[in-house]
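**Student:** Can you keep this structure in mind? I'll have questions shortly.
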Amino acid sequence: MVTPNCHEWYAELNEKYGPIVRIAPGLLITSSPEVWTHVNKQPSYKRSDWYYHACRVEYRRDNVFTQTDNEKHDMRRKQMAPGYSGRENLDLEPTIDQRLEELLYLIRSKYLSSNSETVPMDLAKKVQYFTLDVISSVGLGKAFGMLRADNDVDDYLKSTEEGLSAVGLTVALGVSWMAQAPFIGRFLAPSPTDNNGFGKMIAACFRYVDERTSKDTDERSDMLASFIRHGLSGDELRSEALEQIIAGSDTTAAGLRGTILQIMTNPRVYAKLQSEIDIAVGDGTAPRKGEGLITLAQARKLSYLQAIIRESLRMRPPVVNIFSRDTPPGGDTVEVDGENVFLPDGVCIGYSAYAMHRSREVYGKDANAFRPERWFEQDADKLAIMVRTNDLVFGHGKFMCLGKPVAQMELSKTIFEIFRNFDLAPIDPARPWKAHNCMGLFVISDMWVQVTERNAET
């Protein structure tokens with residue numbers, strides 16, 4: 001579970017042994033969309049303490065992601081959902097637009113290449129700056145300012161990566177429980193007084209939250225204001241703010257990087273996307289340059305853009321955690337390939353992301369190929385199965401990712417605007433980036449690209 005390529009190993013096991021595989025004593029993984037949907041829909045299943053408590057950032061304190069008590073989780077989710085959906089966060093899209101404008105300006109002002117000079121740009125860093133600035137803006141009411149500084153301000157990004165590495169190491173050594181143990185855990189868990197790792201990020205988030213809560217909750221339309229209106233305060237509010245910064249930036253950044261890489265390395269797809277962009281601008285579906293950024297509503301009308309995003313999330317799921325669940329008391333029976341399979345009491349079952357989202361049964365014989373056109377499948381029943389399976393990238397039911405609306409908005413708007421404005425190419429096509437899986441999140445670096453201005457009148 002802690003090796004850099006464990007998600008690929010899980011997929012190999014599912015390919016060899018079937019949709020449900022035992023990977024350790026008392027631990028199963030499934031590649032079946034039907035089984036995983038059932039597990040997440042049935043209230044008798046719960047999140048596994050051993051897994052989610054290892055993901056705690058603070059000492060013995062849970063957030064909506066690490067909470068394993070179903071009733072407490074459901075209550076917290078109800079308090080937070082309106083802030084993520086945009087119903088109470090009316091500034092959500094305008095705030096993302098501000099950060100996207102800053103990203104485009106940064107690229108245009110510092111990193112444009114020409115026929116006479118190549119200016120390498122590490123897209124991995126710029127995308128992470130963007131997603132951190134977005135989530136801090138919409139979540140805390142104030143951007144970290146990384147895009148404006150073109151730098152990892154106060155080492156927030158470095159601190160997050162150090163924290164993930166530390167968690168991965170403790171799980172690998174089997175000592176992650178010590179950070180939550182009575183007495184000794186207080187000295188081992190991250191603390192706001194730390195000078196690095198998650199502790200430094202904790203201090204920054206808590207400071208931002210305290211500044212924000214000193215203002216009237218009706219003064220701003222942001223996530224924190226919504227959380228406060230729905231009853232969150234004090235340590236609960238700080239913990240949820242911290243979780244959204246850590247989880248919301250890394251996952252969306254991975255989705256953006258993966259989508260951009262797939263486009264850059266597929267000339268046919270690249271050309272079709274830019275053709276759709278140019279047509280949309282020409283017929284008024286999308287605004288022209290200088291008339292504002294594309295809106296989410298407009299971007300959703302661009303079928304090939306949306307197909308690319310779906311296909312990229314399928315090929316490269318941003319999160320490949322197993323998201324372990326405990327089977328209910330007395331066990332449970334699930335159906336696999338028309339046969340009943342009994343899952344005994346006391347067993348955990350998790351999710352095999354790569355196997356599920358590259359399933360030939362769901363996506364066809366070429367499931368390992370990047371082909372956005374598959375999302376124009378004419379068989380309505382087959383397409384519905386594909387869509388339901390693809391949606392599991394964001395979870396299901398009460399465990400669906402709260403940040404899904406924000407991530408979808410960032411993906412649609414950013415991919416459109418980057419490829420409307422620029423042409424991108426990897427500096428080293430043979431090694432376009434460095435990436436490894438750390439506790440289900442992808443740490444990506446050295447994504448060096450060459451960027452040139454597009455000449456299209458769009």
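Sequential numbering of the sequence shown, starting at 1, is according to the UniProt record's numbering.
Beta carbons are placed, not taken as given, at the ideal position from N, Cα and C, and that holds for glycine.
1. Taking the C-alpha atoms as reference points, what is the distance between residue 459 and Q378?
2. Whether or not the region 438-445 and the region 332-341 are in contact is what I'm after, with contact meaning three or more pairs of Cβ atoms, one per stretch, closer than 8 Å; do they touch?
3. Just confirm the distance between the C-beta atoms of L112 and F130, as a whole number of angstroms; I'd bet it's less than 8 Å.
4. For I184, does the count of other Cβ atoms within 10 angstroms reach 16, so buried, or fall short, so exposed?
5. Can you have a look at F227 and say buried or exposed, based on whether 16 or more other CB atoms are within 10 angstroms of its CB?
6. Can you give me the C-alpha to C-alpha distance between residue 477 and V153, rounded to a whole angstrom?
7. Taking only three categories from DSSP, how would you classify H396?
8. For a test of the three-state rule: what should DSSP assign to L27, helix, strand or coil?
9. In three-state terms, what does DSSP make of G350?
10. By Cβ distance, which residues of its chain are closer than 7 Å to R411, with the 5 residues on each side in sequence left out?
11. Return yes when the Cβ of I418 is within less than 9 Å of the Cβ of L305, no when it is not.
12. At which residues does the alpha helix (DSSP H) containing N340 begin and terminate?
13. Between the Cα of L27 and those of R325, R77, H396, E236, spot the shortest distance and give me the residue it belongs to.
14. Using DSSP's beta-bridge definition, name the partner residues of P426.
15. If the criterion is Cβ atoms closer than 9 Å, does the pair I96 and N421 meet it?
16. Going by CA-CA distance only, name the one from Y45, W9, L13 that's closest to D345.
17. Would you kindly check if the distance between the Cβ of T66 and the Cβ of R56 is under 9 Å?
18. By how many angstroms is the C-alpha of S136 removed from the C-alpha of P317?
19. For K72 and N63, what's the separation of their Cα atoms in angstroms?
20. Would you check if the distance between the CB atom of K404 and the CB atom of L296 is smaller than 9 Å?
21. At which residues does the beta strand (DSSP E) containing E335 begin and terminate?
22. Report buried or exposed for P432, applying the criterion of at least 16 other Cβ atoms within 10 angstroms of its Cβ.
23. When you compare the CB positions of V269 and P372, do they come within less than 9 Å of one another, or not?
24. Which one of A435, H38, A353 has the shortest CA to CA distance from V328?
25. Enumerate in chain order the residues of its own chain whose CB-to-CB distance from S31 is below 6 Å, with the five nearest sequence positions on each side excluded.
26. Taking L132 as the reference, which of K16, D122, M121, F144 has the closest Cα?
27. Which residues in the same chain as T285 place their Cβ atom closer than 7 Å to its Cβ, once the five residues preceding and following it in sequence are excluded?
28. Do you know how far the Cα of K215 is from the Cα of C6?
29. Return yes when the Cβ of G395 is within less than 9 Å of the Cβ of N40, no when it is not.
30. Can you tell which of S359, V406, K365, M409 has the C-alpha that lies nearest to the C-alpha of V387?
31. Is it right to say G282 is buried, meaning 16 or more other beta carbons lie within 10 angstroms of its own, or is it exposed?
32. Grouping DSSP H, G and I as helix and E and B as strand, with all else coil, what is I245?
33. Based on DSSP bridge pairs, tell me the residues matched to F442.
34. Does the Cβ of V167 have 16 or more other Cβ atoms within 10 Å, making it buried, or fewer, making it exposed?
35. Is R108 helix, strand or coil when you go by DSSP?
36. Which whole runs of the beta strand (DSSP E) in the region 204-280 are 3 residues long or more, in chain order?
**Tutor:** Let me lay it out:
1. This structure gives no information on residue 459, because the portion of the chain shown stretches from 1 to 458.
2. no
3. Actually they are not in contact, since the Cβ atoms of L112 and F130 sit about 17 Å apart, beyond 8 Å.
4. exposed
5. buried
6. Outside the displayed span of the chain (1 to 458) sits residue 477, for which this structure offers no information.
7. coil
8. strand
9. strand
10. In the sequence under discussion, the amino acid at residue 411 is Leu, which differs from the Arg named in the question. Same-chain partners within the cutoff: G255, L256, T259, I309.
11. no
12. No alpha helix (DSSP H) contains N340, which is instead part of the beta strand (DSSP E) from 339-343.
13. R325
14. V449
15. no
16. Y45
17. yes
18. 23 Å
19. 10 Å
20. no
21. 332-336
22. buried
23. yes
24. The sequence given here has Pro at residue 328, not Val. Among A435, H38, A353, the Cα nearest to that of P328 is on H38.
25. N14, P19, S352, A355, M356
26. F144
27. Q298, K301
28. 45 Å
29. yes
30. S359
31. exposed
32. helix
33. N437
34. buried
35. helix
36. none
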